[in-house]
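S.K.: One structure coming up, written as structure tokens, with questions to follow.
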Amino acid sequence: MYLLNRIRITRYNKIHYKESYNDKRIDYCKNRGLIYAITLIGHFYGKDPKKSAYKNGIIYLQEKLNEEENLPKVSKAEIKTAMRPYRKRKHSLKIPVVIERIVTNTIDIIHSTPALHQQCMEMNHAYVKLYNVRHLPCYRFLIGSLMKHLDIIHGAMVDNATIRDLYNTLSGNHRLCEK
Numbered sequence: 001m002y003l004l005n006r007i008r009i010t011r012y013n014k015i016h017y018k019e020s021y022n023d024k025r026i027d028y029c030k031n032r033g034l035i036y037a038i039t040l041i042g043h044f045y046g047k048d049p050k051k052s053a054y055k056n057g058i059i060y061l062q063e064k065l066n067e068e069e070n071l072p073k074v075s076k077a078e079i080k081t082a083m084r085p086y087r088k089r090k091h092s093l094k095i096p097v098v099i100e101r102i103v104t105n106t107i108d109i110i111h112s113t114p115a116l117h118q119q120c121m122e123m124n125h126a127y128v129k130l131y132n133v134r135h136l137p138c139y140r141f142l143i144g145s146l147m148k149h150l151d152i153i154h155g156a157m158v159d160n161a162t163i164r165d166l167y168n169t170l171s172g173n174h175r176l177c178e179k
């Protein structure tokens, strides 16, 4: 049985979140690093040659996540929502509660295979050059777009909100990719 537990963040308040003339509202959010990593996993571990590497990666990651017996099951929809949390029609973000498990297991799968790790590091270095930073931790590489939005609104979160706990957990993970 799958429980679709997602947190929705609606539009930012226009008055409180202004940065000079740029309005800090929710814009398009797509975790390109996570999409790339799951596609790599599907390309390497894919069982069905008729399906794309993207779909095979989602299936393999779902199998790995659901191997653990005591934890709730993760659906494909939650994995897809973790990759593309933006909802255009409502101008909001939907974040699955299990996003930390999804990202952590993706990192573990990538790090367990040297070929995957090498390809992921090459893409990470391309992102580093694009954003002019010294090094991107795995979490920032995989879900950097989502973290950017959460960084903007973290001051306005209620103290006992689920999203605050999720933000603190995600921002506290600074696992660097090995060289």
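Residue numbers (full-length UniProt numbering): 1 to 179.
Ideal placement from N, C-alpha and C gives every residue a C-beta, glycine not left out.
Between the segment 77 to 85 and the segment 117 to 137, do at least 3 Cβ pairs fall closer than 8 angstroms?
M.R.: The segment 77 to 85 is not in contact with the segment 117 to 137.
S.K.: Mind pulling the alpha helix (DSSP H) runs of 4 or more residues that sit fully within the segment 68 to 101?
M.R.: Fully enclosed alpha helix (DSSP H) runs of 4 or longer: 76 to 83.
S.K.: Which same chain residues end up closer than 6 angstroms to V128 when comparing Cβ atoms and leaving out the 5 residues on each side of it in sequence?
M.R.: Hits under 6 angstroms: L136.
S.K.: Flag this pair as yes or no: are the beta carbons of T162 and E100 separated by less than 8 angstroms?
M.R.: Not closer than 8 angstroms, so no.
S.K.: State buried or exposed for E63, treating a residue as buried only when at least 16 other CB atoms are found within 10 Å of its CB.
M.R.: Result: exposed.
S.K.: Would you kindly work out how many angstroms separate the C-alpha atoms of L166 and I59, rounded to a whole number?
M.R.: Straight-line Cα distance between these residues: approximately 25 angstroms.
S.K.: Cβ of I41 within 8 angstroms of Cβ of L65?
M.R.: It is not a contact, given that the beta carbons lie outside the stated cut-off.
S.K.: When burial is assigned at 16 or more other CB atoms within 10 Å of the CB, is R140 buried or exposed?
M.R.: The residue in question, R140, is buried, as its Cβ has 16 or more Cβ neighbours within 10 Å.
S.K.: I think G33 touches G144, with their Cβ atoms under 8 angstroms apart; what is that distance to the nearest whole Å?
M.R.: The Cβ separation is near 6 angstroms, so the contact holds.
S.K.: Quick one, are the C-beta atoms of H149 and L93 less than 8 angstroms apart?
M.R.: Contact flag set, yes.
S.K.: Below 8 angstroms on the Cβ atoms is my contact criterion, and I expect L146 with N31 to pass it. Report the Cβ-Cβ distance as a whole number of Å.
M.R.: Their Cβ separation, rounded to whole angstroms, is 6 angstroms, which keeps L146 and N31 in contact under 8 angstroms.
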